[in-house]
Amino acid sequence: AMLALSSSLALSSLARATTIGFSQVGSESGWRSSFSESVKREASARNIELKFADAQQKQENQIRAVRGFIAQRVDAIIIAPVVETGWAPVLREAKRARIPVVIVDRNVQVNDDSLYLTRIASDFTEEGRKIANWLMQKTDGKCNIVELQGTVGATAAIDRAKGFNEVLSAHPNAKIIRSQTAEFTRSKGKEVMESFLKAEQGGRNICALWAHNDEMALGAIQAIKEAGLKPGQDILVVAVDGVPDYFKAMADGEANATVELDPHLGGPAFDVIAAYLNGDKDIAKYINNTGELFSQDTAAAEYQQRTNK
Ligand code: AHR
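Take the sequence shown: its letters are residues -17 to -1, 1 to 292, numbered as in mature numbering (1 follows the signal peptide of the UniProt record, and there is no 0).
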C-alpha cells in the first residue's frame, strides 16, 4: 500500500515543503556520483528541500552532518554509511528527536532496528556469489585470483568478499593469491594492481582480477595494459556496479563481467519517507534492489542504451 501511494501527492499534502538531510559517503566512484545525482534530481522533481552533505569517505564527517540535520529539525534523514559500526549513538539522537532515518546502500550494525525506518540496498553477499559463480564457470574452477577490496569496514567490501569466498570454497583449484584494499577508487586500483603484477611474475601467474567495484577494476585495467598484458584475455576482469565506463571496457574486450548496482536510490528513499510521513506504519525493514550480472555478450548494446550514444 505504501508504495502505491503517489509520493509527490503525499509530500505536497504536507503543510510545508519537506526538508530532507542526506549524508553521502563521498565521490569515490562513478557509481557514487550517479547515486548523488539521482538523489538531487529526484529531490528537485518532488519539490523537496535537500540538504546534501558529502562526507569525503569519513564517518566522523557523517556523524557531524547528521547532528547538524537534527539541530535543524529536518523532516527526515537519509544516510549512506561509509562503514557499518559506530552508528547507534547518533541514530538514538535522531530517534529521540522523532526524525525518521532511512539507510541506503551500505549497512549499519545496530542491535535495535527501531533506530532506523528501513534500509534500501542490494544484497552484497549475493553479488559476490553471482560474480564468483560466473568466474568459476568461465575457468572450470581453476584460477589464481587477485582481489582489490573496497573500503575497510564497508558492507559492500565485507559482504562481497564473503559471497565470493563462499563460492570459491567449493573449488579447490581456485584461490585468492593476493588481496588488498584499494578504497573503491580508480587511482588506488591502478596502484595496487601494479604491485600485484610485480609480485606475480609481471602478471603471468594471475588468471583473474576480482575488484569489489568497477572503478578499481578500471584503474587495474590500465595497469595491466601498461604491464604489456591484455586485460579481459591474459587476465580476466570481474567486478560489481555496471557503470557506463565499465560497459565500454567490456564492449572493448578489456573486462569480462560485472553485477549491476542500481544507483537510482533517491526515488525509493523519498517514496518510503513520504509514506511514513503520511502515516504508513507498515514499512518493511529491508527493501532489496539486487541487480543482474552482465558480460561481454550484451555490453555494446547496454553501453549504448545507458549513454544514448
Ligand atoms: O557501497 C557501494 C559501493 O560503493 C559501490 O559498489 C562502489 O562503487 C561505491 O564506492
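Built from N, CA and C at the ideal position, the CB exists for glycine as well.
Note to self: If contacts are defined as beta-carbon pairs under 8 angstroms, then Ser12 and Thr273 qualify, I think. What distance do you get, rounded to the angstrom?
What the structure shows: By one-based count along the sequence shown, residue 12 stands at place 29. By one-based count along the sequence shown, residue 273 stands at place 290. Actually they do not touch by this definition, with Cβ atoms about 18 angstroms apart.
Note to self: With a threshold of 7 angstroms (Cβ to nearest heavy atom), would Ala137 be considered close to ligand 1?
What the structure shows: Translated into the one-based positions of the sequence shown, residue 137 becomes position 154. With a threshold of 7 angstroms, the Cβ atom of Ala137 counts as near ligand 1, since some heavy atom of the ligand is closer than that.
Check: Taking the continuous beta strand (DSSP E) assigned at Phe277, which residues delimit it?
Finding: Against the sequence shown, residue 277 aligns to sequence position 294. 273 to 278 is the extent of the beta strand (DSSP E) around Phe277.
Note to self: Is Arg289 close to ligand 1? I mean its beta-carbon at under 7 angstroms from any heavy atom of the ligand.
What the structure shows: Translated into the one-based positions of the sequence shown, residue 289 becomes position 306. False, no ligand heavy atom lies under 7 angstroms from that Cβ.
Check: Ala63: which of Gly4, Lys78, Val87, Pro83 sits nearest, CA to CA?
Finding: Along the sequence shown, read from residue 1 onward, the residue named residue 63 stands at position 80. When each option's Cα is compared against that of Ala63, the closest is Val87.
Notebook entry, point to check: Comparing the CB of Val87 with every heavy atom of ligand 1, is any distance shorter than 7 angstroms?
Noted result: Along the sequence shown, one-based indexing puts residue 87 at 104. For ligand 1, not one heavy atom lies less than 7 angstroms from the Cβ of Val87.
Next item on the list: Would you kindly work out how many angstroms separate the C-alpha atoms of Ile114 and Glu198, rounded to a whole number?
Entry: Your numbering for residue 114 matches position 131 in the sequence shown. Your numbering for residue 198 matches position 215 in the sequence shown. A direct Cα-Cα distance of roughly 16 angstroms separates Ile114 from Glu198.
Check: So Leu201 packs on Lys121, CB below 8 angstroms; how close in whole Å?
Finding: Taking the first residue of the sequence shown as position 1, residue 201 is located at position 218. Taking the first residue of the sequence shown as position 1, residue 121 is located at position 138. Contact flag wrong, Cβ pair sits at about 20 angstroms.
Margin query: Short of 6 angstroms in beta carbon distance, which residues of its chain neighbour Asn90, apart from the five on each side in sequence? Order them along the chain.
Written below: Here residue 90 is taken as the residue at index 107 of the sequence shown, counted from 1. Excluding positions up to five away in sequence, the list reads Glu67, Thr138.
Next item on the list: Can you give me the Cβ contacts of Glu285 inside the same chain, cut-off strictly under 7 angstroms, excluding the 5 residues immediately before and after it?
Entry: Position 302 of the sequence shown, counted from the first residue, corresponds to residue 285. The beta carbon of Glu285 sits closer than 7 angstroms to the beta carbons of Phe230, Phe277 from its chain, once the five residues preceding and following it are set aside; these are given in chain order.
Note to self: According to DSSP, Glu243 sits in a beta bridge with which residue or residues?
What the structure shows: Against the sequence shown, residue 243 aligns to sequence position 260. For Glu243, which the question treats as bridged, DSSP gives the partners Asp224.
Next item on the list: Output the distance between the C-alpha atoms of Gly124 and His154, rounded to the nearest integer angstrom.
Entry: Here residue 124 refers to the residue found at position 141 when the sequence shown is read from its first residue. Here residue 154 refers to the residue found at position 171 when the sequence shown is read from its first residue. If you take the alpha carbons of Gly124 and His154, they lie about 6 angstroms apart.
Notebook entry, point to check: Heavy atom of ligand 1 less than 7 angstroms from the Cβ of Trp14, yes or no?
Noted result: Translated into positions along the sequence shown, residue 14 becomes position 31. Indeed, a heavy atom of ligand 1 lies less than 7 angstroms from the Cβ.
Notebook entry, point to check: Does the Cβ-Cβ distance between Gly211 and Glu237 come in under 8 angstroms?
Noted result: Numbered from 1 along the sequence shown, position 228 holds the residue referred to as residue 211. Numbered from 1 along the sequence shown, position 254 holds the residue referred to as residue 237. Contact: no.
Notebook entry, point to check: Hey, how far is the Cα of Ala206 from the Cα of Met176?
Noted result: Here residue 206 is taken as the residue at index 223 of the sequence shown, counted from 1. Here residue 176 is taken as the residue at index 193 of the sequence shown, counted from 1. A straight line joining the alpha-carbon of Ala206 with that of Met176 spans about 6 angstroms.
Checklist line | Best match in Leu248, Lys213, Asp245, Gly249 for proximity to Ala232 [C-alpha to C-alpha] | finding: For the purposes of this step, residue 232 is taken as residue 249 along the sequence shown, with counting starting at 1. Per the Cα distances, Lys213.
Item checked: C-alpha distance - Ala(-1) paired with Glu32, whole-angstrom precision -> Position 17 of the sequence shown, counting from 1, holds the residue named residue -1. Position 49 of the sequence shown, counting from 1, holds the residue named residue 32. For Ala(-1) and Glu32, the distance between alpha carbons rounds to 7 angstroms.
Check: Per DSSP, Arg161 forms a beta bridge with which residues?
Finding: Here residue 161 corresponds to residue number 178 of the sequence shown, with the count starting at 1. For Arg161, which the question treats as bridged, DSSP gives the partners Val129.
Check: Less than 7 angstroms between the CB of Phe147 and some heavy atom of ligand 1, yes or no?
Finding: Mapped onto the sequence shown, residue 147 falls at position 164. Every heavy atom of ligand 1 is 7 angstroms or more from the Cβ of Phe147, so no.
Margin query: Checking the sheet assignment: what are the DSSP bridge partners for Tyr269?
Written below: For the purposes of this step, residue 269 is taken as residue 286 along the sequence shown, with counting starting at 1. According to DSSP, which records beta bridges pairwise, Tyr269 is partnered with Arg102.
Check: Where do the ends of the alpha helix (DSSP H) carrying Thr2 lie?
Finding: As a first step, residue 2 must be located in the sequence shown, where it is residue number 19. Per DSSP, Thr2 belongs to no alpha helix (DSSP H); it is in the beta strand (DSSP E), 2 to 7.
Next item on the list: Flag this pair as touching only if the region 41 to 56 and the region 4 to 23 have three or more C-beta atom pairs under 8 angstroms; answer yes or no.
Entry: yes
Item checked: Spatial neighbours of Val22 in its chain, beta-carbon cut-off 8 angstroms, leaving aside the 5 residues before and after -> Start at 1 with the first residue of the sequence shown, and residue 22 comes out as number 39. Once the five neighbours on either side are set aside, the close Cβ partners of Val22 are Phe5, Gln7, Leu33, Phe35, Ile61, Leu248, Gly249, Ala252.
Check: Distance, Cα to Cα, Gln288 vs Leu74?
Finding: The residue given as residue 288 occupies position 305 in the sequence shown. The residue given as residue 74 occupies position 91 in the sequence shown. Each residue's Cα considered, the two are about 40 angstroms apart.
Margin query: Do Glu166 and Arg143 have their beta-carbon atoms positioned less than 8 angstroms apart in this structure?
Written below: For the purposes of this step, residue 143 is taken as residue 160 along the sequence shown, with counting starting at 1. For the purposes of this step, residue 166 is taken as residue 183 along the sequence shown, with counting starting at 1. Against a cut-off of 8 angstroms, the Cβ pair of Glu166 and Arg143 comes out as no contact.
Next item on the list: Using only alpha-carbon positions, find the residue among Asp224, Phe107, Trp14, Thr168 that is nearest to Ala203.
Entry: The residue labelled residue 203 in the question sits at position 220 within the sequence shown. Considering only alpha carbons, the answer is Thr168.
Next item on the list: Classify Ser19 as buried or exposed, calling it buried when 16 or more other Cβ atoms lie within 10 Å of its own Cβ.
Entry: What you label residue 19 is simply residue 36 of the sequence shown in a count that begins at 1. Classification for Ser19: buried.
Check: Is Phe167 near ligand 1, in the sense that its beta carbon is under 7 angstroms from a heavy atom of that ligand?
Finding: Position 184 of the sequence shown holds residue 167. For ligand 1, at least one heavy atom lies less than 7 angstroms from the Cβ of Phe167.
Item checked: Residue burial classification, Leu239 (beta-carbon count within 10 angstroms, cutoff 16) -> Within the sequence shown, the letter at position 256 stands for residue 239. Residue identity differs from the one stated: residue 239 is Asn in this sequence, not Leu. By the Cβ-count criterion, Asn239 is buried, with 16 or more other Cβ atoms from all chains shown falling within 10 Å of its own Cβ.
Checklist line | Cβ shell of Ala59 (< 6 angstroms), same chain only, five flanking positions each side left out | finding: By 1-based counting over the sequence shown, the position of residue 59 is 76. The residues are Ile3, Pro83, Ile256.
Item checked: Helix, strand or coil at Asp37 according to DSSP, with G and I counted as helix -> Walking along the sequence shown from the start, residue 37 turns up at place 54. Residue state, collapsed to three classes: strand.
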